[in-house]
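Asks:
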Amino acid sequence: MLIVANEQNQEINCLPKLEKLAEIILNSEGETHELEISLSFVDNQSMQLLNKEYRGMDSPTDVLSFALREGDEQLISPTEGPELIGDIIISVERAISQAAEYDHSLERELCFLFTHGLLHLLGYDHLNSHEEAIMLAKQELYLQQLQISR
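Residue numbers for the sequence shown follow the working numbering, so the first one is 5 and each next one is one higher.
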């Protein structure tokens, strides 16, 4: 289940695709129980504040993820219902500019950023070239499964 907050006045038309993408990724990654992801769309100003507060970087970024799992441990155990695994926050302004820069659709960019964020929630990272190669390959694989290409 995706819970979406959108502080942008931008209409986000790809939510059904993002839900399908989440289903594909979670099933492929062996997540068999019901999970919940919080998804927020923000502007660059809000993203810059979050990036500064949580990462010490005083600039906007395209996507931030806040995982509620650490390894095999859950930080919050659900009493009932789905397990909330974390938050994904996407800057719509950055997504628009990056879509233009890479010459693909906004939908593709939002799907890419969502996939990137979700993989972080599942424990993937890109701190070295080996981890980055794994994460990039998974991102492309999952996007291709929904026929989302550049």
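All C-beta atoms in this analysis are idealised placements derived from N, C-alpha and C, irrespective of residue type, glycine included. All values derive from a computational prediction rather than experimental measurement.
Locate the alpha helix (DSSP H) running through E33, then write down its first and last residues.
Replies: Along the sequence shown, read from residue 1 onward, the residue named residue 33 stands at position 29. No alpha helix (DSSP H) contains E33, which DSSP labels as neither H nor E.
Asks: From I29 to L39, what distance separates their C-alpha atoms?
Replies: Translated into the one-based positions of the sequence shown, residue 29 becomes position 25. Translated into the one-based positions of the sequence shown, residue 39 becomes position 35. When rounded, the separation of the alpha-carbon atoms in I29 and L39 is 12 Å.
Asks: Evaluate M61 with the Cβ neighbour count: other Cβ atoms within 10 Å of its Cβ, from every protein chain shown; 16 or more gives buried, anything less gives exposed.
Replies: By one-based count along the sequence shown, residue 61 stands at place 57. M61 comes out exposed.
Asks: According to DSSP, is L117 part of a helix, a strand, or is it coil?
Replies: The sequence position of residue 117 within the sequence shown is 113, counting from 1. Correct three-state label for L117: helix.
Asks: Quick one: which unbroken alpha helix (DSSP H) runs of 4-plus residues sit fully inside the stretch 90-116? Chain order, please.
Replies: 96-106
Asks: By the DSSP assignment, the alpha helix (DSSP H) with L140 in it spans what residues?
Replies: For the purposes of this step, residue 140 is identified with residue 136 of the sequence shown, where counting begins at 1. Here the alpha helix (DSSP H) through L140 covers 133-149.
Asks: At the level of alpha carbons, what is the spacing between Q148 and F45?
Replies: Within the sequence shown, numbered from 1, the residue matching residue 148 stands at position 144. Within the sequence shown, numbered from 1, the residue matching residue 45 stands at position 41. When rounded, the distance between both Cα atoms is 23 Å.
Asks: List, from N- to C-terminal side, the alpha helix (DSSP H) runs of 4 residues or more that fit wholly inside the stretch 38-66.
Replies: 48-59
Asks: Would you mind working out which of L126, G34, E33, D66 sits nearest A103, comparing C-alpha positions?
Replies: Counted from its first residue, the sequence shown places residue 103 at position 99. If we check each option's Cα against that of A103, D66 comes out closest.
Asks: In chain order, what residues of the same chain have a beta carbon less than 6 Å from the beta carbon of S154, not counting five sequence neighbours either side?
Replies: By 1-based counting over the sequence shown, the position of residue 154 is 150. Before going on, a small fix: residue 154 reads as Arg here, not Ser. Cβ neighbours of R154 beyond the five flanking positions: H108.
Asks: Determine the closest residue to F70 out of C18, H120, P86, N48, with distance taken between C-alpha atoms.
Replies: To locate residue 70, count along the sequence shown from 1; it is residue 66. Nearest option by C-alpha distance: H120.
Asks: Less than 6 Å between C-beta atoms, sequence neighbours within five positions excluded: which residues of the same chain meet that for R112?
Replies: As a first step, residue 112 must be located in the sequence shown, where it is residue number 108. Counting only Cβ-Cβ distances below 6 Å, and skipping sequence neighbours, we find I152.
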